[in-house]
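Novice: Below you will find the structure I want to go over with you.
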Amino acid sequence: MTDNSNDLLLTTARGVLAFLIGILGFALVVVALFVVADIQQRAMVDESAAADPETMADWKALGSLLGAFAIGCLALRFVLDLRKIVVSVDAGDPFIARNANRLSRMGWMALGIQLLLVVVGEPGVVEQTAVGASSGGFALALTLFVLARVFRHGTALRADLEGTV
């Protein structure tokens, strides 16, 4: 165990992650309220309007809201897992199996977010996202999967070392 209370990087990371958790939580509540309001509005609309092209656009808007909510949930879980890793680094014990599992899970969440962004995105945005921002997101997912293996290997090496001492 080390005393990292004066470590500027860890202090900043804890603060930024707490801020992100608050922002993501607030955003999820707002999007959920929009989804509920949209569904309630649909319940009041006459069913004969179902063939109307404007109604189809409204369904796409609801799909985008639901996609945004799913992305927000994944992003919040991602940040919560990252916070747990920072806490373990702060405690001086980052090479544990739980962190390897967290990194792997974060890789799957990053991949899921990128796939949802492609599915939910507007047609003009999908091309930009698939070439630009998504490539970074896919690279992040790959990096997290590799780091998860590094952490698993580091955890096994440490266990072997402790067993020989």
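According to the working numbering, numbering within the sequence shown proceeds without interruption in unit steps and concludes at 192. Glycine included, each C-beta is placed from N, C-alpha and C at the ideal position.
1) Can you tell me where the alpha helix (DSSP H) holding Phe61 begins and where it ends?
2) Between Ala186 and Ser131, is the Cβ-Cβ spacing less than 8 Å?
3) Taking the alpha helix (DSSP H) that Ala221 belongs to, which residues open and close that run?
4) Let me know if Asn126 comes out buried or exposed under the rule of 16 or more other beta-carbons within 10 Å of its beta-carbon.
5) Alpha carbon to alpha carbon, how far is Ile48 from Val57? Give it in angstroms, no decimals.
6) If you reduce the DSSP assignment to three classes, tell me which class Thr156 lands in.
7) May I ask you to verify whether the region 60-69 touches the region 108-128, counting CB pairs closer than 8 Å and requiring at least 3?
8) Taking just the CA atoms, how far does Gly119 sit from Thr38?
9) With H, G and I counted as helix, E and B as strand and the rest as coil, what does DSSP make of Ala118?
10) Going by Cα to Cα distance, which pick from Glu189, Leu143, Thr170 and Val43 is closest to Cys100?
11) Please tell me whether Leu55 and Phe96 are closer than 8 Å, where the distance is taken between their beta carbons.
12) Give me the Cα-Cα distance between Leu106 and Val43, rounded to the nearest whole angstrom.
13) To the nearest angstrom, report how far apart Lys193 and Ala70 are at their CA atoms.
14) Excluding the 5 residues flanking Arg104 on each side, which residues of the same chain have their C-beta closer than 7 Å to its C-beta?
15) CB Gln141 to CB Ala102, shorter than 8 Å?
Specialist: Let me spell this out:
1) Leu35 to Met71
2) no
3) Because the chain is modelled from 28 through 192, residue 221 falls outside the range shown and cannot be assessed.
4) buried
5) 14 Å
6) For Thr156, the predicted model reports a pLDDT of 44, less than 50, meaning its position is unreliable and no value from the coordinates is stated.
7) no
8) 14 Å
9) coil
10) Leu143
11) yes
12) Rather than Leu, the amino acid found at residue 106 in this sequence is Val. Taking the straight line joining both Cα atoms gives about 10 Å.
13) For the chain, the structure presents residues 28 to 192; residue 193 sits outside this window and is missing.
14) Met136
15) no
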